[in-house]
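For reference, the structure discussed in these notes is given below.
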Amino acid sequence: MVMYIRKEKRKDRIYLSIVHGYRDEENKVKHKTIKTYGYLDELNKIYDNPLSVIENELKELQKENISELTLKDINKDPSFDDFNNSDEEKNIGYYLLKKVYSELGISDFLNDKQKKLNIDYDLNEILLLLVICRILYPGSKKDNFQNKNKFFEKFDFSLKDIYRALDFFDEFKEDIQKVMWENTKDKYQRNLSTGFFDCTNYYFEIDCNDEDLLDEEGNVLEKGYRKRGPEKNHRPDPIVEMGLLLDNKILPASYKIFPGNDAEKTQLRPIINKTKATHNIDKIIVVADRGLNTSDNMWFLAGKNDDKCKNNDGYVYGQSVRAASKNFKDWVLNQEGYINDIEYTKDGKEETFRHRVYDEDGNFKNYQKQTLMFRHKSRVVAKEIQITRDGKRNCKVHTYQKQMVYYSQKYADRQRYEREKM
């Protein structure tokens with residue numbers, strides 16, 4: 008069900024209206040006109056930007072439509088009829104989550120997989136419960152099971168069935184991620200030309216690390232996941248780490264779970280390779296904190312980064328000036344080449360800073376006195392880095408890198424406040 012602006016051509020004129028597309032009981036596509044606005048040339052005489060006005064009204068109608076559709080879905084649900092004769096309290100808001108869950112295509116995928124499995128519990132019902140409980144009632148799997156009667160769904164399975172289903176969800180996790188990507192990338196204009204990557208960890212209140220599975224010769228066949236490592240809250244408990252890759256809409260695109268004692272910086276390359284392969288991505292610019300952008304990761308993403316490396320990936324990361332090389336510091340402190348967002352003139356001994364003011368059409372209006380707020384400059388240099396070859400980090404190479412430095416008055420004020428607070 009989609010609501011959109013219809014632009015209909017009538018005798019060389021454009022006629023605008025808002026139309027609701029839907030499927031009837033026979034699954035045929037139908038259209039219903041919600042509101043008409045008239046011809047575009049006439050609307051231009053009334054509004055500066057009539058399409059913008061109509062788009063704003065469409066957004067409001069879409070919000071109302073979501074609530075209306077949800078109530079219709081509830082009224083069609085047979086379990087809602089059973090509830091009419093009951094005194095139990097039920098959660099009605101989860102129908103919005105159920106609708107999104109269905110649009111992601113997870114239901115169809117799991118139902119198809121279920122046909123090939125010899126199990127007597129419904130994988131789709133179990134995952135639906137886990138998803139809505141994770142959002143509405145965060146807790147353990149046991150807590151999720153105890154909350155199942157708060158919803159209109161039957162949820163006819165046991166707690167042991169939930170634990171058994173987890174193995175299947177682990178087996179299907181990459182396929183589920185791909186299904187979700189395919190069902191949302193066009194609808195929400197998602198892309199991975201720019202990806203945001205970071206890691207976090209989860210602690211477990213256990214005494215010992217998980218043991219590794221070894222073969223007869225002592226080689227590791229499968230590593231244990233819960234291992235002591237650098238926990239973000241400095242707890243001593245064993246942890247499991249997760250690397251998460253977000254797309255241009257800041258929506259999850261892919262993730263990876265790895266042992267708590269593995270270094271985060273080694274996980275960037277595997278997750279990028281896997282995501283590009285499963286999502287058919289040609290090129291990605293990775294944005295991450297400085298701890299993840301090691302020399303090996305920089306070389307992996309961009310290579311030499313010269314004119315012959317146009318199809319390589321890229322990266323954006325922060326660099327502390329204080330911890331940088333002497334050459335970089337000298338360039339930063341050299342006042343030549345900086346671009347100011349504010350012009351200034353010297354009147355005798357006094358410096359007056361002037362901020363350029365523009366109108367709505369982008370035309371220059373006048374100057375406004377203001378303190379210097381932002382300045383920046385950039386350069387392209389061949390940076391020497393050391394990368395790992397044959398297990399040793401001793402191979403020196405050059406990669407072309409665009410370096411940018413900026414001064415922000417707001418950031419400086421915030422840092423000053425933090426120092427004074429300390």
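Here this note's numbering is used: position 107 in the sequence shown is 114, and no number is missing along the way. Virtual Cβ for every residue (Gly too), placed ideally from N, Cα, C.
Taking the C-alpha atoms as reference points, what is the distance between Leu104 and Phe176? Rounded to whole angstroms, the separation of the alpha carbons of Phe176 and Leu104 is 19 Å.
Among all the DSSP beta bridges, which residues are the ones paired with Ser24? Answer by DSSP bridge pairing, in chain order: Arg13, Thr43.
Would Leu124 be called buried (16 or more neighbouring beta carbons within 10 Å of its own) or exposed? Counting of Cβ neighbours within 10 angstroms places Leu124 among the exposed residues, the total staying below 16.
Where in the segment 262 to 295 do unbroken runs of the alpha helix (DSSP H), each at least 4 residues long, occur, reported from the N-terminal end onward? For the segment 262 to 295, whole alpha helix (DSSP H) runs of length 4 or above, ordered along the chain, are 275 to 285.
Would Asn255 pass as a contact of Leu299 if the rule is Cβ separation under 9 Å? In this structure, Asn255 keeps its C-beta atom at 9 Å or more from the C-beta atom of Leu299.
Is the CB-CB distance between Gly112 and Glu189 below 9 Å? Yes, these two residues count as a Cβ contact at 9 Å.
Throw me the rounded Cβ distance for the Ile278 and Gly250 pair, which I believe falls under 8 Å. Between Gly250 and Ile278 the Cβ distance is about 5 Å, and since that is below 8 Å, they are a contact.
Residue range of the alpha helix (DSSP H) that Ala309 falls in? Counting along the chain, the alpha helix (DSSP H) containing Ala309 begins and ends at 302 to 309.
May I ask you to report which of helix, strand or coil DSSP gives Asn6? Nothing about residue 6 can be reported from this structure: the residues present for the chain run from 8 to 429 only.
Please go through the segment 110 to 158 and give each complete beta strand (DSSP E) segment of 3 or more residues, from N-terminal end onward. If we require 3 residues or more, the segment 110 to 158 turns out to have no beta strand (DSSP E) run fully inside it.
Could you have a look at Ala260 and say whether DSSP puts it in helix, strand or coil? The three-state secondary structure of Ala260, taken from DSSP, is strand.
Can you tell me whether DSSP reads Gly355 as helix, strand or coil? Because Gly355 sits at a pLDDT of 46, beneath the cut-off of 50, its placement in the model cannot be relied upon, and the following sentence gives the value as read from the coordinates. Here Gly355 carries a coil assignment [DSSP, helix/strand/coil].
Let's see if you can read the secondary structure: which residues bound the alpha helix (DSSP H) around Arg423? Residues 416 to 428.
To which residues of the same chain is Gly325 closer than 6 Å at the C-beta, ignoring the five residues directly before and after it? The residues Arg297, in chain order, have a CB closer than 6 Å to that of Gly325 in the same chain once the five nearest residues on each side in sequence are set aside.
With 16 other CB atoms within 10 Å as the buried threshold, where does Asp420 fall? Around the beta carbon of Asp420, fewer than 16 other beta carbons lie within 10 angstroms, which makes this residue exposed.
Through-space distance from Ser302 to Cys402, alpha-carbon basis: Distance between the alpha carbons of Cys402 and Ser302: 11 Å.
Whole angstroms are fine: how far does the CA of Asp55 sit from the CA of Tyr11? Rounded to the nearest angstrom, the gap between the Cα atoms of Tyr11 and Asp55 is 21 Å.
So is His286 buried or exposed if we call it buried at 16+ other beta carbons inside 10 Å? Burial is judged here by how many other beta carbons sit within 10 angstroms of a residue's own beta carbon; His286 has at least 16 and is buried.
Tell me the DSSP secondary structure of Lys18 in three-state form. Assigned with DSSP and collapsed to three states, Lys18 falls in coil, not helix or strand.
Extent of the continuous alpha helix (DSSP H) run through Lys161: Premise fails: Lys161 is in no alpha helix (DSSP H) and is neither H nor E.
Contact between the segment 12 to 28 and the segment 40 to 55 is defined here as three or more beta-carbon pairs at a separation below 8 Å; is this criterion met? In the pairwise beta carbon analysis, the segment 12 to 28 is classified as touching the segment 40 to 55: at least three pairs are separated by under 8 Å.
For Arg276, which residues of its own chain have a beta-carbon under 7 Å away from its beta-carbon, when the five flanking residues on both sides are left out? So the list reads Asn304, Phe307, once near-sequence residues are dropped.
Suppose you measure from the CA of Ser109 to the CA of Tyr101; what does that come to, to the nearest Å? Each residue's Cα considered, the two are about 12 Å apart.
Give every residue of the same chain whose Cβ lies closer than 6 Å to the Cβ of Ile41, excluding the five residues on either side of it in the sequence, and list them in chain order. Around Ile41: Ile25, His27.
Report the three-state DSSP secondary structure of Met187 (helix, strand or coil). Helix.
Closest Cα partner of Val388 within the set Asn156, Val227, Asp313: Proximity to Val388 across Asn156, Val227, Asp313 peaks at Asp313, based on C-alpha coordinates.
Rounded to the nearest angstrom, what separates Asp337 and Ile346 at their Cα positions? The alpha-carbon atoms of Asp337 and Ile346 are separated by roughly 17 Å.
Residue of Pro259, His241, Met380, Lys157 minimising C-alpha distance to Ile99: Ranking Pro259, His241, Met380, Lys157 by Cα distance to Ile99 puts Lys157 first.
Ile183 versus Ser114, Phe152, Asp163, residue with shortest Cα-Cα distance: The residue with the shortest Cα to Cα distance from Ile183 is Ser114.
What is the rounded straight-line gap between the Cα of Val107 and the Cα of Val138? When rounded, the distance between both Cα atoms is 11 Å.
If you follow the beta strand (DSSP E) that Lys317 is in, where does it begin and where does it stop? Element bounds for Lys317: n/a, residue is neither H nor E.
Is Ile246 helix, strand or coil by DSSP? Reduced to three states, the DSSP call for Ile246 is strand.
Please name the residue, chosen from Gln342, Val328, Asp397, that lies closest to Gln410 on a Cα-to-Cα basis. If we check each option's Cα against that of Gln410, Val328 comes out closest.
Which residue comes first and which comes last in the beta strand (DSSP E) that contains Val387? Note, Val387: beta strand (DSSP E), 381 to 396.
Starting from Leu340, trace the beta strand (DSSP E) in both directions and tell me its first and last residue. For Leu340, no beta strand (DSSP E) run applies; the uninterrupted alpha helix (DSSP H) run containing it begins and ends at 333 to 340, by DSSP.
Taking a contact to mean a Cβ-Cβ separation below 9 Å, would you say Phe164 touches Ile142 in this structure? No, they are not a contact pair.
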